[in-house]
Amino acid sequence: TMSGPASVKERAPHGRHLAERSAGLMHPRNPYKANPPDFAALARFDPDFAQHVRPGGGGSSQIDWSSSEAVVALTRTLLWQHFGL
14 TMSGPASVKE
24 RAPHGRHLAE
34 RSAGLMHPRN
44 PYKANPPDFA
54 ALARFDPDFA
64 QHVRPGGGGS
74 SQIDWSSSEA
84 VVALTRTLLW
94 QHFGL
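Numbering (this note's numbering), first residue to last: 14 to 98.
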């Protein structure tokens, strides 16, 4: 059995192939490689980001990665919430 945080595969059962592929493309020290951000939790603290979050499969939340506004909002909220920038 696995201990510690859930793997990307376990946290994204609806898109395992995409989650595995994405994790494989990330830098080894990327803090989100094995533990992707919780979009719903981030949205509770950032109204600008919240407008880009939509329900996803398996009870998760998602954003439209093709929307530059959504990606910018995600970047801003991650820098603010996780790095204090």
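Even glycine gets a Cβ: it sits at the ideal position worked out from N, Cα and C.
Straight through space, the alpha carbons of A53 and G70 are spaced by roughly 13 angstroms.
M39 and P49 have their C-alpha atoms some 11 angstroms from each other. Taken in chain order, the whole alpha helix (DSSP H) runs of length 4 or more contained in the region 42-91 are 52-58 and 60-63. Rounded to the nearest whole angstrom, the C-alpha separation of F58 and P68 is 17 angstroms. Shown here, G97 sits in coil according to DSSP, grouped into three states, outside any helix or strand.
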